[in-house]
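Asker: Below is the structure I would like to discuss, written out as structure tokens.
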């Protein structure tokens with residue numbers, strides 16, 4: 088402890104600073120700048136808060152792009168694959184934040200690199216090459232214009248190494264589409280908030296990593312090996328483990344439909360008829376190979392062959408792409424959903440934001456709000472897969488309506504006018520995800536307070552339907568906390584979800600085993616694992632305090648960079664509602680007030696300082 092604040096230890100590994108203007112790659116030790124927030128999301132916000140100037144254009148060279156491994160990434164800890172990416176978002180104007188699994192993060196740690204800080208912009212396309220001997224920038228002219236799958240194949244062939252792990256952008260990032268993604272392999276994406284667009288603005292096509300020989304926090308002693316084994320056993324003991332391993336997130340369509348929380352047709356409806364058409368369980372017969380991320384026992388990834396596509400293979404979509412590309416856009420053909428999801432990955436687009444702008448356009452079209460000169464020959468009827476495929480290319484290439492939609496729903500609505508903002512489902516400029524906020528109260532609040540904008544995974548409030556009434560009563564003092572229709576204790580519940588979610592991102596662990604399978608929002612399993620592998624002596628309370636502090640720092644970052652756009656509110660469409668689907672404004676305000684109080688913020692949602700946040704000592708630090 089120091090000054091009443093916890094110092095969980097120094098991140099292992101070096102900082103790689105890449106100066107694209109000069110082409111220099113410099114290594115620095117973490118030292119004290121790596122202390123206190125573990126790694127990943129925590130280290131990134133601490134650095135960006137102190138180094139990114141107010142008024143920075145997200146697509147200008149002055150923006151900073153950070154990719155940081157979690158504290159346990161690449162260690163012996165199960166599911167320790169995650170890499171967190173932050174910058175100023177070109178989509179929202181506030182904190183850009185995205186997270187990716189696979190092997191790239193673990194391979195970075197194996198090269199003794201825990202964080203990459205990228206500044207400036209290259210005059211010509213380059214890619215960053217990293218191996219055990221160091222890092223350098225290489226000419227990417229032969230890669231520019233290639234999709235993400237082609238790029239990875241070309242790089243592996245060029246270096247004669249098929250085991251390279253690559254983070255790359257596609258044409259969407261090159262063309263600075265505001266919701267361009269960063270893709271690794273074929274089925275891992277840092278999709279949200281446009282981090283691929285930031286890479287494109289810097290003329291950085293890819294980051295390539297060859298495996299090194301370091302492993303931090305390796306289980307060596309009998310006690311450490313037992314801690315790892317016990318953690319894996321706990322994951323496998325989950326009642327959902329076998330199902331998730333077998334079917335992935337796509338297998339939960341029937342559940343979400345019956346639960347009455349799935350938004351469809353731009354949230355004008357809840358659920359769909361004939362849900363069996365998009366039930367991912369039927370894809371089991373199409374699997375040709377199953378896989379997973381670094382040291383993950385769940386192994387929820389799968390490669391498919393579809394009946395009508397011969398030997399061509401596709402990656403099985405996750406839960407969000409199935410709902411968003413499917414019911415949200417009125418599409419119930421699972422094969423077409425899979426093709427669209429894979430096309431988005433190839434082009435380097437966030438499939439969630441893409442689905443958001445398409446559903447927005449289809450809703451406008453149905454209500455005669457789109458000018459004919461923008462519609463032209465597009466058939467924007469609900470569920471038109473051919474139109475959706477065309478819009479992928481139009482958005483990437485900036486053609487016609489695609490040029491407007493590529494700005495994201497908030498800015499597209501501003502450009503279109505004619506009342507279009509009433510149909511734009513976003514929070515802080517980020518398109519919403521699968522759950523209908525009027526149908527599930529905790530998630531509605533989570534959408535509103537999420538530091539990156541309207542998104543489920545940034546809060547991950549699954550405890551509101553996965554915890555038992557007994558657990559809710561013990562933790563929150565009321566069984567109603569796990570009644571998805573009730574507002575009772577939702578502010579306290581969402582604080583717990585937010586802080587646990589942040590710590591998982593800081594540790595570099597995957598949320599599926601930790602928060603979905605183990606339901607470990609108290610982080611009791613993770614504390615044991617951390618202390619065993621690292622020699623630290625942390626408590627659950629210290630982890631929660633750190634999560635709370637990071638959430639406060641993210642909020643202050645957003646207030647500095649965008650002011651009114653950081654308001655924690657939902658779109659009017661969810662209070663006015665349609666087809667009888669709406670929520671009461673007073674209910675939302677009750678939850679929000681309770682959340683602010685639980686976080687220790689004032690009634691306007693502004694965190695206190697300096698007692699709540701270390702290294703923030705004067706009002707000037709907040710400007």
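Residue numbers (the numbering used here): 88 to 710.
Here a beta-carbon is modelled for each residue, glycine too, at the ideal position from N, C-alpha and C.
All figures in this text were calculated on a predicted structure; none of them were measured in a lab.
#1: In this structure, does DSSP put residue 88 in helix, strand or coil?
#2: Classify residue 406 as helix, strand or coil using the three-state DSSP reduction.
#3: Span of the alpha helix (DSSP H) holding residue 101?
#4: Please report the residue range of the alpha helix (DSSP H) in which residue 244 lies.
#5: Please confirm if the region 234-249 is in contact with the region 131-143, defined as three or more CB-CB distances below 8 Å between the two stretches.
#6: Keeping to the same chain, check which residues put their C-beta closer than 8 Å to that of residue 107; ignore five residues upstream and five downstream.
#7: Where are the alpha helix (DSSP H) runs, 4 residues long or more, that stay fully inside the region 335-367, in chain order?
#8: With DSSP collapsed to three states, give me the class of residue 221.
#9: Just to confirm before moving on: does the CB-CB distance between residue 496 and residue 480 stay below 7 Å?
#10: Determine the burial state of residue 320: buried for a count of at least 16 other Cβ atoms within 10 Å of its Cβ, exposed for fewer.
#11: Decide if residue 536 is buried, meaning its Cβ has at least 16 other Cβ atoms within 10 Å, or exposed.
#12: For residue 174, count the other beta carbons within 10 Å of its own beta carbon; 16 or more makes it buried, fewer makes it exposed. Which is it?
#13: Find the nearest neighbour of residue 433 within the set 626, 310, 233 and 618, judged by alpha-carbon distance.
#14: Please state the DSSP three-state secondary structure of residue 255.
#15: Identify whether residue 784 lies in helix, strand or coil by the three-state DSSP scheme.
#16: Buried or exposed: where does residue 102 fall if 16 or more other Cβ atoms within 10 Å of its Cβ makes it buried?
#17: Can residue 391 and residue 401 be called in contact, C-beta distance under 7 Å?
#18: Considering only the beta carbon of each residue, do residue 346 and residue 359 sit closer than 7 Å?
#19: Roughly how many angstroms lie between the CA atoms of residue 470 and residue 357, to the nearest whole one?
#20: Bridge partners for residue 392 per DSSP, in chain order?
#21: Skipping 5 residues on each side, what residues in its chain have a beta carbon closer than 6 Å to that of residue 693?
#22: What's the C-alpha gap between residue 127 and residue 484?
#23: Rounded to the nearest angstrom, what separates residue 597 and residue 333 at their Cα positions?
#24: Out of curiosity, what's the CA-to-CA distance linking residue 342 and residue 228?
#25: Check each candidate in 527, 474 and 430 and name the one with the smallest Cα separation from residue 344.
#26: Can you have a look at residue 695 and say buried or exposed, based on whether 16 or more other CB atoms are within 10 angstroms of its CB?
#27: Pick helix, strand or coil for residue 68, following the three-state DSSP scheme.
#28: In terms of DSSP beta bridges, what is residue 751 paired with?
#29: Could you compute how far the alpha carbon of residue 268 sits from the alpha carbon of residue 170?
#30: Please work out which residues of its chain come closer than 6 Å, Cβ to Cβ, to residue 672, disregarding the five sequence neighbours upstream and downstream, and give them in chain order.
#31: Can you give the Cα-Cα distance for residue 105 and residue 298, rounded to whole angstroms?
#32: Rounded to the nearest angstrom, what separates residue 409 and residue 109 at their Cα positions?
#33: In the DSSP assignment, what are the bridge partners of residue 171?
#34: In the DSSP output, which residue or residues are listed as bridge partners for residue 295?
#35: Could you please give the first and the last residue of the uninterrupted alpha helix (DSSP H) stretch that includes residue 229?
#36: List the endpoints of the continuous alpha helix (DSSP H) containing residue 561.
Answerer: For this structure:
#1: Translated into positions along the chain shown, residue 88 becomes position 1. With a pLDDT of 26 at residue 88, under the threshold of 50, the predicted position of this residue should be treated as unreliable, though the coordinate-derived value follows. If DSSP states are grouped into helix, strand and coil, residue 88 belongs with coil.
#2: One-based indexing of the chain shown puts residue 406 at position 319. It is helical.
#3: Your numbering for residue 101 matches position 14 in the chain shown. First-last for residue 101: 101-106, but that is the beta strand (DSSP E), not the alpha helix (DSSP H).
#4: On the chain shown, position 157 is the one that residue 244 refers to. Element bounds for residue 244: 235-246.
#5: no
#6: What you label residue 107 is simply residue 20 of the chain shown in a count that begins at 1. Correct list, in chain order: 148, 205, 206, 207, 208, 209, 213, 224, 289, 290 and 291.
#7: 340-346
#8: Translated into positions along the chain shown, residue 221 becomes position 134. Residue 221: strand per DSSP, three-state reduction.
#9: As a first step, residue 496 is located in the chain shown; it is residue number 409 there, counting from the start. As a first step, residue 480 is located in the chain shown; it is residue number 393 there, counting from the start. Cβ atoms of residue 496 and residue 480: not closer than 7 Å.
#10: Here residue 320 refers to the residue found at position 233 of the chain shown. Flag for residue 320 reads exposed.
#11: Counting from 1 along the chain shown, the entry for residue 536 is found at position 449. Buried, by the Cβ-count rule.
#12: Within the chain shown, numbered from 1, the residue matching residue 174 stands at position 87. Residue 174 should be labelled buried.
#13: The sequence position of residue 433 within the chain shown is 346, counting from 1. When each option's Cα is compared against that of residue 433, the closest is 233.
#14: Your numbering for residue 255 matches position 168 in the chain shown. Looking at residue 255 - three-state DSSP - the assignment turns out to be strand.
#15: Outside the shown range of the chain (88 to 710) lies residue 784, about which nothing can therefore be said.
#16: One-based indexing of the chain shown puts residue 102 at position 15. Per the 10 Å Cβ criterion, buried.
#17: Within the chain shown, residue 391 is the residue found at index 304, counting from 1. Within the chain shown, residue 401 is the residue found at index 314, counting from 1. Contact flag set, yes.
#18: Within the chain shown, residue 346 is the residue found at index 259, counting from 1. Within the chain shown, residue 359 is the residue found at index 272, counting from 1. No, these two residues do not count as a Cβ contact at 7 Å.
#19: Counted from its first residue, the chain shown places residue 470 at position 383. Counted from its first residue, the chain shown places residue 357 at position 270. Taking the straight line joining both Cα atoms gives about 16 Å.
#20: Here residue 392 refers to the residue found at position 305 of the chain shown. For residue 392, which the question treats as bridged, DSSP gives the partners 400.
#21: To locate residue 693, count along the chain shown from 1; it is residue 606. Around residue 693: no qualifying Cβ.
#22: The count along the chain shown starts at 1 and reaches residue 127 at position 40. The count along the chain shown starts at 1 and reaches residue 484 at position 397. If you take the alpha carbons of residue 127 and residue 484, they lie about 33 Å apart.
#23: For the purposes of this step, residue 597 is taken as residue 510 along the chain shown, with counting starting at 1. For the purposes of this step, residue 333 is taken as residue 246 along the chain shown, with counting starting at 1. Distance between the alpha carbons of residue 597 and residue 333: 17 Å.
#24: Against the chain shown, residue 342 aligns to sequence position 255. Against the chain shown, residue 228 aligns to sequence position 141. Roughly 47 Å between the two C-alpha positions.
#25: The sequence position of residue 344 within the chain shown is 257, counting from 1. The option with the nearest alpha carbon to residue 344 is 527.
#26: What you label residue 695 is simply residue 608 of the chain shown in a count that begins at 1. Exposed, by the Cβ-count rule.
#27: The displayed coordinates of the chain run from 88 to 710. Any statement about residue 68 would go beyond what the structure contains.
#28: No statement about residue 751 is possible, as the shown extent of the chain runs from 88 to 710 and does not include it.
#29: Locating residue 268 in the chain shown gives position 181, where the first residue counts as 1. Locating residue 170 in the chain shown gives position 83, where the first residue counts as 1. One C-alpha to the other measures close to 14 Å.
#30: On the chain shown, position 585 is the one that residue 672 refers to. Contacts found: 662.
#31: Here the question's residue 105 lines up with position 18 in the chain shown. Here the question's residue 298 lines up with position 211 in the chain shown. Each residue's alpha carbon lies about 19 Å from the other.
#32: Here the question's residue 409 lines up with position 322 in the chain shown. Here the question's residue 109 lines up with position 22 in the chain shown. Their backbone Cα atoms lie some 43 Å apart in a straight line.
#33: On the chain shown, position 84 is the one that residue 171 refers to. In the DSSP output, where bridge partners are listed per residue, residue 171 has 155 and 186.
#34: Sequence index remark: in the chain shown, residue 295 carries index 208 (1-based). Looking at the DSSP assignment, residue 295 forms a beta bridge with 216 and 253.
#35: Here residue 229 is taken as the residue at index 142 of the chain shown, counted from 1. That residue, residue 229, is in no alpha helix (DSSP H); it is neither H nor E in DSSP.
#36: Counting from one through the chain shown, the residue named residue 561 turns up at place 474. 556-563 is the span of the alpha helix (DSSP H), which, as asked, contains residue 561.
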